[in-house]
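The structure under discussion appears below in the form of structure tokens.
Numbering (our numbering), first residue to last: 10 to 382.
Printed below as a string of structure tokens:
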């Protein structure tokens, strides 16, 4: 299994100094992960969620990290694809430039937002997000590979123009989508896109991976190649002992779930947009579960990678058995000390990664189809 970092850029210190410190520490953590052989560093895009995320311009963060790192891949996961947040042409241009600056290290992930706070501020009808998201995903490979591009649909009209420059990776960077419900996982499989499983509990991973692999068999890729990888968001902190890890990170996970409940409350407690119904109803059940189950039991069930190296090996092996290709390790949370995260990054690389089991022989791996010049 590949180990990657995942950032919301999240801190309990909401002062200007605290936010600046959070950014500075994130850079140090990423640079250490680069040295220790982590696969990718992933950044979300969020707006108007100051108590949860300060990651409002991941493209700028990734450009900075492109200059500060050498090997780690740079995951823009996700770009919000509703048209009034990010115009498709601007998405294509920014990803191409980032790929040039990083010498071909970009992983592109697209999504549609799951919060009323973001969508209503940008005057987006929630029911319009899925068709806009899908249409942008279909435009991007053409913009990255064709000399001239035009588009004419009821949703978007773009006159013929050269979309320049082109990415370094050929034919284009790997494409992923954010998946929070079965329909999106199936869409990813049918269209040959990698899965960024953000809203899917680790306990559900086996069934969702199975659905994904089945749909991959009939894939008609949106892009120029299939990216058959399943990556899963994983609450993480590795410490010398289980007790230390749980004491530090357990309260942060609980708070994260509580804050997520607040973000979703306009829909959960009000009218749920139809294309978000499954996710919101599933979240209701998860919120109740987290209220009732101790963090230790969640870890024992494979629901969080929080504990000693031995415990982290067990959790990650559980995900490997489920068919997960990449763990998106979410460590920088509200009050997690920087030195604990740095130590965790090191322990995971040196004491956990070498002990992980290999995936089953029938678990497909991504082909080397996107290459640098």
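Even glycine gets a Cβ: it sits at the ideal position worked out from N, Cα and C.
- Taking every protein chain shown into account, the CB of residue 331 has 16 or more other CB atoms within 10 angstroms, so this residue is buried.
- Unbroken beta strand (DSSP E) stretches of 3 residues or longer found wholly inside the segment 304-340: 314-316, 335-339, given in chain order.
- Per DSSP, residue 257 has no beta bridge partner at all.
- Note that the C-beta distance between residue 131 and residue 167 is not below 9 angstroms.
- Around the C-beta of residue 303, fewer than 16 other C-beta atoms lie within 10 Å, and the residue is accordingly described as exposed.
- Here residue 342 carries a coil assignment [DSSP, helix/strand/coil].
- Residue 290 and residue 126 have their C-alpha atoms some 19 angstroms from each other.
- In this structure, the CA atom of residue 76 is about 45 angstroms from the CA atom of residue 280.
- A direct Cα-to-Cα measurement between residue 241 and residue 163 gives close to 35 angstroms.
- Listed in chain order, the alpha helix (DSSP H) elements of length 4 or more contained wholly in the segment 40-109 are 67-77.
- Cβ neighbours of residue 119 within its own chain (closer than 6 angstroms, five residues either side excluded): 87, 88, 90, 146, 186.
- Per DSSP, the beta bridge partners of residue 12 are 336.
- The beta-carbon separation of residue 236 and residue 201, rounded to 7 angstroms, stays under the 8 angstroms limit for a contact.
- In the structure shown, residue 119 falls within a strand segment according to DSSP collapsed to helix, strand and coil.
- Looking only at 136, 324, 26, the smallest Cα-Cα distance to residue 283 is reached by 136.
- Contact between residue 272 and residue 58 holds, with the beta-carbon distance rounding to 6 angstroms and staying under 8 angstroms.
- With contacts defined by Cβ atoms closer than 9 angstroms, residue 239 and residue 192 do not form a contacting pair.
- Sequence-distant Cβ neighbours of residue 15 in its own chain, meaning closer than 7 angstroms and more than five residues away, are 51, 242, 337, 338, 339.
- Annotated three-state conformation of residue 263 is helix, per DSSP.
- Residue 263 and residue 344 have their alpha carbons spaced roughly 12 angstroms apart.
- Looking from the CA of residue 229, the closest CA among 247, 195, 39, 217 belongs to 195.
- Contact fails between the segment 215-232 and the segment 301-320, because fewer than three Cβ pairs, one in each stretch, are under 8 angstroms apart.
- Contact annotation: residue 350 and residue 34 have beta-carbon atoms nearer than 9 angstroms.
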